[in-house]
Amino acid sequence: MDEKKITSVCLLAGKIMLKSGAETHRVEDTMVRIAIAFGMDKAQSHATPTGILFSVEETAPTNFTRIVKRSTDLHKVTQVNSISRSISEGLITIDQALQQLEQIESEIHAYPTYIQVTAASLASGCFTIMFDGQWIDFSPAFIAGGIGYSAMVYLQQIVEIRFFAEFLASFFIGVVAAFFVHIGIGVALDKIIVGSVMPLVPGLLITNAVRDLMAGHLVSGLSKGAEAFLTAFAIGAGVAAIFLI
Amino acid sequence: MIIGQFVTSFFASSGFAVIFNAPKRSLFQCGMVGMLGWSVYIICIDQNIDAVVATLAASILVAVLSQLYAKLQKMPIIIFNVAGIIPLVPGGLAYDAMRQFVENDYSLAIQLAAKALLISGAIALGLVFSEIINQIIRRIRWKKLKEV
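From first to last, the protein sequence lines are chains A and B.
Using our numbering, the first residue of the first sequence is number 3, and each one after it goes up by one.
Using our numbering, the first residue of the second sequence is number 584, and each one after it goes up by one.
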């Protein structure tokens, strides 16, 4: 079978998964499985958060793909997963697989932005309650979280550096929360802020980083940890700017 | 009070599932996994068990439930894992630590950061733990089958 085609299917599958926030070991596993299904038993793959190396055989040329933007999109992970399943079961040919993967890559988000913002607001409000806040703090956190998340979504499109978008978004959250407490809606400023920044906080990244380290993916673990640290720093700095003013 | 915690953790987890673009038919299960994990955590905290241990227990439950749902729904396990651990993740602590750093209270900041790191370690350990148990069970079954 055509080696080039197999390589491009594997690389595309890996790229989509890594871009969508799948774990490193799962990306490597899926790529090798697809290759094996097409008869390449000695395929090797090495994935890091910023790029993937892949070769179908030990002596074959190694191919590389670069990952620039990362986000979490579990829908795409699921789709690639089901394609990899049907490849392993021999249900689809290599051309069909390539076509379907290309379609997945070009698709945009399944949920419209307003639903995402609503979900973020709801989660913010709920987190305030979970962190021992009172119900009176629910609505300020709801609104502040929604504003913060929509600011983040908007700023990410116009600002190249993610750090800065996160900084500004959490600054807005701080301003809104302080405003609500000032006019008397809401009591505990700290609880409101913690709840509202939760949709931005890199909690998942921290956990994934530790998990990658434990699984022996040292490069991925350290780089994810660095990313998480930068994000946490941006958020902390953005909120602290409120306390300094 | 405790019912409020259940309800809010359910909505927080499924809200995050929406943010992470999880498929529609998994949203309810994501909320359930998150809620059950969080309820184990708060029950442990109520019994004065340390937060790290409580998180470990909760994340093991989250991992087991996720594996169950992943098998039932034929979806990758990461969907349920991610949503389930969201309430446990020490995002609040990480944020608190950073705030203390920015406000020049370094000793408190280091304390909080160390705790956040330990808790995320506990979550990761819980997830890996259940995976390993699953693997062991599968391998033992394989061996038995081969012998027969």
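In this text, a Cβ means the ideal position worked out from N, Cα and C, and glycines have one as well.
The model shown is predicted, which means the values in this text are computed figures rather than measured ones.
Beta bridge counterpart(s) of residue i as assigned by DSSP
i	result
residue 2 (chain A)	Here chain A comprises residues numbered 3 to 247, so residue 2 (chain A) is not present and cannot be evaluated.
residue 50 (chain A)	A:53
Beta-carbon spacing of residue i, residue j below 8 Å
i	j	result
residue 616 (chain B)	residue 663 (chain B)	yes
residue 668 (chain B)	residue 209 (chain A)	yes
residue 153 (chain A)	residue 179 (chain A)	no
residue 44 (chain A)	residue 60 (chain A)	yes
residue 199 (chain A)	residue 237 (chain A)	yes
residue 133 (chain A)	residue 240 (chain A)	no
residue 610 (chain B)	residue 623 (chain B)	no
residue 674 (chain B)	residue 212 (chain A)	no
residue 100 (chain A)	residue 11 (chain A)	yes
residue 643 (chain B)	residue 28 (chain A)	no
residue 9 (chain A)	residue 86 (chain A)	no
residue 620 (chain B)	residue 676 (chain B)	no
residue 226 (chain A)	residue 139 (chain A)	no
residue 589 (chain B)	residue 614 (chain B)	no
residue 659 (chain B)	residue 77 (chain A)	no
residue 49 (chain A)	residue 13 (chain A)	no
residue 40 (chain A)	residue 96 (chain A)	yes
Where residue i sits in the DSSP three-state scheme
i	result
residue 654 (chain B)	helix
residue 113 (chain A)	coil
residue 107 (chain A)	helix
residue 633 (chain B)	coil
residue 6 (chain A)	helix
residue 22 (chain A)	coil
residue 248 (chain A)	Residue 248 (chain A) is absent from the structure shown; chain A starts at 3 and stops at 247.
residue 44 (chain A)	coil
residue 604 (chain B)	coil
residue 617 (chain B)	helix
residue 245 (chain A)	helix
residue 216 (chain A)	helix
residue 136 (chain A)	coil
residue 33 (chain A)	helix
beta-carbon residue i near the ligand GDP non-hydrogen atom, thresh 7 Å
i	result
residue 34 (chain A)	No copy of the ligand GDP appears in this structure; indeed no ligand is present at all.
Test: residue i CB closer than 8 Å to a CB of chain D
i	result
residue 118 (chain A)	Although the question refers to chain D, the structure presented lacks it and instead comprises the protein chains A and B.
>> To be precise: take each residue of the region 628-645 of chain B, compare its Cβ to all Cβ atoms of chain A, and keep it if any distance is under 8 Å. Which residues remain?
In response: Residues of the region 628-645 of chain B with a C-beta less than 8 Å from any C-beta of chain A: none at all.
> Enumerated in chain order, which unbroken segments of the alpha helix (DSSP H) with a length of 4 residues or greater are wholly contained in the region 139-202 of chain A?
Replying inline: 140-160, 164-184 and 191-199
> In the region 68-99 of chain A, which residue ranges form an unbroken alpha helix (DSSP H) of at least 4 residues, counting only runs that do not cross its ends?
Replying inline: Listed in chain order, they are 76-90.
>> Residues of the region 673-685 of chain B in Cβ contact with chain A at a cutoff of 8 Å, in chain order, please.
In response: 673, 674, 675, 677, 678, 679, 680, 681, 682, 684 and 685
>> Closer than 7 Å between beta carbons: that is the criterion. Which residues of the region 188-202 of chain A meet it against chain B?
In response: 196, 199, 200 and 201
> Taking only runs of the alpha helix (DSSP H) that begin and end inside the region 650-718 of chain B, which ones reach a length of at least 4 residues, in chain order?
Replying inline: Taking only runs of at least 4 residues, the alpha helix (DSSP H) segments lying wholly in the region 650-718 of chain B are 661-668 and 674-685.
> Which residues, taken in chain order from the region 73-88 of chain A, show a beta carbon closer than 7 Å to some beta carbon of chain B?
Replying inline: 74, 75, 76, 77, 79, 80 and 83
> Going along the chain, which residues of the region 33-64 of chain A sit with their C-beta nearer than 7 Å to a C-beta in chain B?
Replying inline: Cβ contacts with chain B: none found.
>> What are the residues in the region 148-163 of chain A lying within 7 Å of chain B by C-beta distance?
In response: none
>> Counting only Cβ-Cβ distances shorter than 7 Å, please list the residues of the region 598-615 of chain B near chain A, keeping chain order.
In response: 598, 599, 601, 602, 603, 604, 605 and 606
>> Using a Cβ-Cβ cutoff of 9 Å, what residues of the region 15-29 of chain A are near chain B? List them in chain order.
In response: Those residues of the region 15-29 of chain A that come within reach of chain B (Cβ to Cβ, closer than 9 Å) are 22, 23, 24, 25 and 28.
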